[in-house]
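*Asks:* Please see the structure below; I have some questions.
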Amino acid sequence: MNSEHKSGAETPVIELRTVNKYFGTHHVLKDVSLSVRQGEVVVIIGPSGSGKSTLCRTINRLETISSGEILIEGQPMPAEGKELAQVRSRIGMVFQSFNLFLHRTILDNVTMAPMDVLHIKRKDAEEEALKLLRQVGIEDQARKVPAQLSGGQQQRAAIARALAMHPKAILFDEPTSALDPEMIQEVLDVMTSLAKSGMTMVIVTHEMNFARNVADRIIFMNDGAILEEGAPDEFFAHPKTERAREFLASFRNEQKESEL
Amino acid sequence: MNIGELLSQYGGKYAIALLTTWKLTAVSFALALALGVLITAMRVSPIRPLRIIAGLYVQIFRNIPGVALLIFLVYALPYLNLIFSYQTCVLTATTLIPASFCSEYLMSGMNMIDKGQIEAARALGMRFTHVLRKVVIPQALRNSVLPLTNLLVATMLTTSLASQVPMNPMELTGLVSHINTHSVGGIMAFVISAALYCATAILIGQIGSLIDRKVRIVR
Amino acid sequence: MKNEKNNIRDFLYDEPGPKAKRRIIFWTIVSLVPIAFLLYRMTVRFQENGQLAPQYWSFFLKYTTWRFIGQGLLGTLEAALTAGAIAFVIGFLLMRGRISRSGILRKISAALIEFTRGVPTLLFIYFFFLVVPQTGLKLPSLLRIALPVAISAVGVVAEVFRSGVNAVPKGQTEAALSLGMRNRHVFYKVIFPQAFRYVIPSLISEIVIVVKDTTFAYVINFPDLMQNAKVLISNYDAMLPVYLIVSVIYILINFLINQLARAVR
Numbered sequence: 002m003n004s005e006h007k008s009g010a011e012t013p014v015i016e017l018r019t020v021n022k023y024f025g026t027h028h029v030l031k032d033v034s035l036s037v038r039q040g041e042v043v044v045i046i047g048p049s050g051s052g053k054s055t056l057c058r059t060i061n062r063l064e065t066i067s068s069g070e071i072l073i074e075g076q077p078m079p080a081e082g083k084e085l086a087q088v089r090s091r092i093g094m095v096f097q098s099f100n101l102f103l104h105r106t107i108l109d110n111v112t113m114a115p116m117d118v119l120h121i122k123r124k125d126a127e128e129e130a131l132k133l134l135r136q137v138g139i140e141d142q143a144r145k146v147p148a149q150l151s152g153g154q155q156q157r158a159a160i161a162r163a164l165a166m167h168p169k170a171i172l173f174d175e176p177t178s179a180l181d182p183e184m185i186q187e188v189l190d191v192m193t194s195l196a197k198s199g200m201t202m203v204i205v206t207h208e209m210n211f212a213r214n215v216a217d218r219i220i221f222m223n224d225g226a227i228l229e230e231g232a233p234d235e236f237f238a239h240p241k242t243e244r245a246r247e248f249l250a251s252f253r254n255e256q257k258e259s260e261l
Numbered sequence: 002m003n004i005g006e007l008l009s010q011y012g013g014k015y016a017i018a019l020l021t022t023w024k025l026t027a028v029s030f031a032l033a034l035a036l037g038v039l040i041t042a043m044r045v046s047p048i049r050p051l052r053i054i055a056g057l058y059v060q061i062f063r064n065i066p067g068v069a070l071l072i073f074l075v076y077a078l079p080y081l082n083l084i085f086s087y088q089t090c091v092l093t094a095t096t097l098i099p100a101s102f103c104s105e106y107l108m109s110g111m112n113m114i115d116k117g118q119i120e121a122a123r124a125l126g127m128r129f130t131h132v133l134r135k136v137v138i139p140q141a142l143r144n145s146v147l148p149l150t151n152l153l154v155a156t157m158l159t160t161s162l163a164s165q166v167p168m169n170p171m172e173l174t175g176l177v178s179h180i181n182t183h184s185v186g187g188i189m190a191f192v193i194s195a196a197l198y199c200a201t202a203i204l205i206g207q208i209g210s211l212i213d214r215k216v217r218i219v220r
Numbered sequence: 409m410k411n412e413k414n415n416i417r418d419f420l421y422d423e424p425g426p427k428a429k430r431r432i433i434f435w436t437i438v439s440l441v442p443i444a445f446l447l448y449r450m451t452v453r454f455q456e457n458g459q460l461a462p463q464y465w466s467f468f469l470k471y472t473t474w475r476f477i478g479q480g481l482l483g484t485l486e487a488a489l490t491a492g493a494i495a496f497v498i499g500f501l502l503m504r505g506r507i508s509r510s511g512i513l514r515k516i517s518a519a520l521i522e523f524t525r526g527v528p529t530l531l532f533i534y535f536f537f538l539v540v541p542q543t544g545l546k547l548p549s550l551l552r553i554a555l556p557v558a559i560s561a562v563g564v565v566a567e568v569f570r571s572g573v574n575a576v577p578k579g580q581t582e583a584a585l586s587l588g589m590r591n592r593h594v595f596y597k598v599i600f601p602q603a604f605r606y607v608i609p610s611l612i613s614e615i616v617i618v619v620k621d622t623t624f625a626y627v628i629n630f631p632d633l634m635q636n637a638k639v640l641i642s643n644y645d646a647m648l649p650v651y652l653i654v655s656v657i658y659i660l661i662n663f664l665i666n667q668l669a670r671a672v673r
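Residue numbers (the working numbering), protein chains in the order written: chain C, 2 to 261; chain S, 2 to 220; chain F, 409 to 673.
Laid out in structure tokens, this is it:
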């Protein structure tokens, strides 16, 4: 995607420089460096507990880091206050457990931040929200509260909520892990079309087929460090490290079992 | 005395007593709510001394017996040259105690909120006061409707403390004791007050569950 | 652990940045000023009004004072335990009535529960103190305090029991019935033992309310802690210190009971 951009020719949307993080004595991120170009889709995979979710959450400072640097559009990540909120408003996030505001309707969920943060008028915000809900295929659910929707619908609403802020990039933290199998595809479809439209995306996921089809680049994490990164075809066909081979093999076995 | 005699002699006083109980309850509850919110804000604040003070407040006033507090206010404080009217003392007791419970209910209402929603609000660029106004407070309040309804009933029951000091006009409990010390009111004097309390409690309960059904957060 | 977030305060705020940290330290120090000032004013007030004089406090060093307070505590304990036992039994019966198959029984029980929950303890106290003697019935003073306190607690106890019974999964009843157990057996052998375990913390918390309500014993001259406090006051002419200490004792007892309930939970 966006092959006309030469890497290095412009500032990356997201850049991490030798980021380290500790939970107490536990070293959860080890010298992680990563840069995400405008329009790039980066998929982070790895065994559970490898730090990929934590990495994703540091990018909008839902997790703080112990050392290193995070740059958003070339600017260092602010530590607090107005500046931090401003950066967050430009980086969307989609969570594993949807995290919709349970006391408000789907429409309110999508319009709340645009109205409060961007000071968009209700009428315009609602118009935009309905457009986005149509885009993710749940326009008819706008007046319901989250609990009335299926998991897949809730996650699509959460994506619409993130899109309503017109973000520079969206972070997806295991967006399909909490879903029943039959609902996974509808969410992945929405994400695929987002990727095709040129959205910059960082995705933590266990959906290997999706990763292979959508990613511009695969990052393989293990034990808090990036072990491998590269083009999806290259990575899935010829993983360089033993750990990645084991990881992929375990997935193939799982797939075979589920096919039986 | 049968009910006819009672009502003809004391009917007006019962009406006034009921209104007095209602008024005491309403004022105490409003004050307790305001104080409870303040205490709760202190308990979740990042300022440690405020947290300690608020925690101490809750432990003291949820555990002290109402009479002990009232007697302390009425009879012991004058030894510190702090003299307040009976009315003020009663109102203080019937406010301080419910406020501690109010804070407990608001705290558990807040703790029921899923942390993911707060993170989501933050990730959308909402600042602390926004998150508080749009997510935390509305949800905490919706979670607390039934406990606060029960608190309103409990506050009403607490106002019976007023019968322990000379008050004019008397509330429902004081009136029963008054009637029975001045004439043989018998069981009916008691029954009328009890019925009025009960009717109020049931009314509050019904309104409370009506509101709860409207605003409850479906999960 | 830092990532173990389960208290509202842990996720209400962002992880503080350098400015926020400085602000917190600043306000922490500032907040200490009025607190220190209040403590100081309180001490001065005690001093100015002569309430710190040794005569008001020295008798707390005497063994007899504490023995007397201890006796009062025993009275409180006696009244609370008696009331608690009565409330437990009647509360259980009301719960059985509330969930019985007979519609009339259910209605009567529900009405009684509503009634006892909607009437203040003091009114029941006056009923036993002023109204019951008019019928010629003479109750011992222990019952004159324990009965009203118990009655005002039974409604809550019944509802606590009921919530416990409701919390036992339906499958338990079905499983027991499918084994050929009779209804009564199912309730006493399968349902209630489980329900009881669920509600132990709530029952312990209810004891706090019972203990608090026993303070009304002074209305009827039953020798509980509150009543003995009055005697101490007249002996030593020390109203403020005695009520202060007695209040602290009540607060501590109830605090400990609440902690126990939490530990069991």
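Using N, Cα and C, we set each Cβ at its ideal position, and we do this for glycine too.
Just so we're clear, the structure is a prediction, and the values are computed from it rather than from any experiment.
Going by C-alpha to C-alpha distance, which of C:S51, C:V42, C:L17 and C:I15 sits closest to L228 of chain C?
*Replies:* C:S51
*Asks:* M116 of chain C to K132 of chain C, Cα distance in whole Å?
*Replies:* Our two residues, M116 of chain C and K132 of chain C, have alpha carbons roughly 16 Å apart in a direct line.
*Asks:* Using CA atoms only, rank isn't needed, just tell me which of F:E614, F:Y644, F:D632 and F:L440 is closest to L668 of chain F.
*Replies:* Relative to L668 of chain F, the option among F:E614, F:Y644, F:D632 and F:L440 whose CA is nearest is F:E614.
*Asks:* With Y23 of chain C as the anchor, note down where its beta strand (DSSP E) starts and where it stops.
*Replies:* I15 to F24
*Asks:* Note the first and the last residue of the continuous alpha helix (DSSP H) segment covering T653 of chain F.
*Replies:* Note that residue 653 of chain F is Ile in the sequence shown, not Thr. Counting along the chain, the alpha helix (DSSP H) containing I653 of chain F begins and ends at M647 to V672.
*Asks:* If you reduce the DSSP assignment to three classes, tell me which class R218 of chain C lands in.
*Replies:* strand
*Asks:* How far does the beta strand (DSSP E) with A170 of chain C in it reach, from first residue to last?
*Replies:* A170 to D174
*Asks:* Please report how far the alpha carbon of N3 of chain S lies from the alpha carbon of V192 of chain S, in whole angstroms.
*Replies:* The C-alpha of N3 of chain S lies about 11 Å from the C-alpha of V192 of chain S.
*Asks:* Tell me whether the stretch 28-37 of chain S and the stretch 120-130 of chain S touch, counting them as touching only if at least three CB pairs, one residue from each stretch, are closer than 8 Å.
*Replies:* no
*Asks:* Just checking, does the stretch 520-533 of chain F make contact with the stretch 455-463 of chain F on the three C-beta pairs under 8 Å criterion?
*Replies:* Taking one beta carbon from each stretch, the stretch 520-533 of chain F and the stretch 455-463 of chain F have fewer than 3 pairs nearer than 8 Å; the two do not touch.
*Asks:* In angstroms with no decimal places, state the Cα-to-Cα distance between Q207 of chain S and N151 of chain S.
*Replies:* 11 Å
*Asks:* Got a sec, what are the start and stop residues for the alpha helix (DSSP H) I494 of chain F sits in?
*Replies:* Counted as a single uninterrupted DSSP element, the alpha helix (DSSP H) harbouring I494 of chain F occupies residues Y471 to R506.
*Asks:* I'd like the span of the alpha helix (DSSP H) that includes S560 of chain F, first residue to last.
*Replies:* Per DSSP, S560 of chain F belongs to the alpha helix (DSSP H) from S549 to A575.
*Asks:* What is the C-beta distance between T95 of chain S and L25 of chain S, in whole angstroms, given that I count them as a contact (C-beta under 8 Å)?
*Replies:* 6 Å
*Asks:* Which residues in the same chain as G152 of chain C place their Cβ atom closer than 8 Å to its Cβ, once the five residues preceding and following it in sequence are excluded?
*Replies:* F99, A179, L180, D181 and M184
*Asks:* I want to see whether chain F comes within less than 7 Å of T95 of chain S, judged by CB atoms only; does it?
*Replies:* no
*Asks:* At what residues does the beta strand (DSSP E) containing L173 of chain S begin and finish?
*Replies:* That residue, L173 of chain S, is in no beta strand (DSSP E); its alpha helix (DSSP H) goes L173 to H183.
*Asks:* Do you know offhand how far L57 of chain S's Cα is from V598 of chain F's?
*Replies:* 42 Å
*Asks:* Identify the contact partners of G82 of chain C in chain F, using a Cβ-Cβ distance below 9 Å as the criterion.
*Replies:* G425, K427 and A428
*Asks:* In its own chain, which residues sit with a C-beta less than 8 Å from the C-beta of S8 of chain C, not counting the 5 before and 5 after it?
*Replies:* Residue placement at S8 of chain C cannot be trusted, given a pLDDT of 47 that sits under 50; what the coordinates show is reported in the next sentence. Closer than 8 Å at Cβ, skipping near neighbours: R38.
*Asks:* Between F:L489, F:L482, F:V441 and F:R673, which lies nearest to F604 of chain F when the distance is taken from Cα to Cα?
*Replies:* F:R673
*Asks:* If we ignore side chains and look at the alpha-carbon of each, how far apart do P147 of chain C and V136 of chain S end up?
*Replies:* 14 Å
*Asks:* Give the residues from the stretch 11-30 of chain C that approach chain F closer than 7 Å (Cβ to any Cβ), ordered along the chain.
*Replies:* Per Cβ criterion, the list reads F24 and G25.
*Asks:* Between F173 of chain C and chain S, is there a C-beta pair that is closer than 7 Å?
*Replies:* no
*Asks:* Does S164 of chain S come within less than 7 Å of chain F when only Cβ atoms are used?
*Replies:* yes
*Asks:* With 7 Å set as the bound, which would you pick, yes or no: does the beta-carbon of N61 of chain C sit closer than that to a beta-carbon of chain S?
*Replies:* It does; some Cβ of chain S falls within 7 Å.
*Asks:* Which of the three DSSP states, helix, strand or coil, is assigned to H28 of chain C?
*Replies:* strand
*Asks:* How big is the Cα-Cα spacing for Q149 of chain C and H104 of chain C?
*Replies:* Answer to the nearest angstrom: the Cα atoms are 12 Å apart.
*Asks:* Within a Cβ cutoff of 8 Å, which residues of the same chain sit near N61 of chain C, ignoring the five residues on either side of it in sequence?
*Replies:* V88, R89, I92, M94 and L172
*Asks:* What does W435 of chain F touch in chain S if you count any residue whose Cβ is under 7 Å from its own?
*Replies:* I48
*Asks:* Rounded to the nearest angstrom, what separates G75 of chain C and L35 of chain C at their Cα positions?
*Replies:* Going by the C-alpha atoms only, they are around 13 Å apart.
*Asks:* Which first and last residues belong to the alpha helix (DSSP H) in which E6 of chain S is found?
*Replies:* I4 to R44
*Asks:* With respect to the beta strand (DSSP E) encompassing S226 of chain S, which residues constitute its N-terminal and C-terminal limits?
*Replies:* Here chain S comprises residues numbered 2 to 220, so residue 226 of chain S is not present and cannot be evaluated.
*Asks:* Leaving out the 5 sequence neighbours to the left and right, which residues in its chain are closer than 6 Å to T112 of chain C when beta-carbon positions are compared?
*Replies:* A126, E127 and A130
*Asks:* Using a Cβ cut-off of 8 Å, pull out every chain S residue sitting near D181 of chain C, in sequence order please.
*Replies:* Those within 8 Å of D181 of chain C in chain S number zero; the least Cβ separation is about 17 Å.
*Asks:* Reducing DSSP to helix, strand and coil, say where T206 of chain C ends up.
*Replies:* coil
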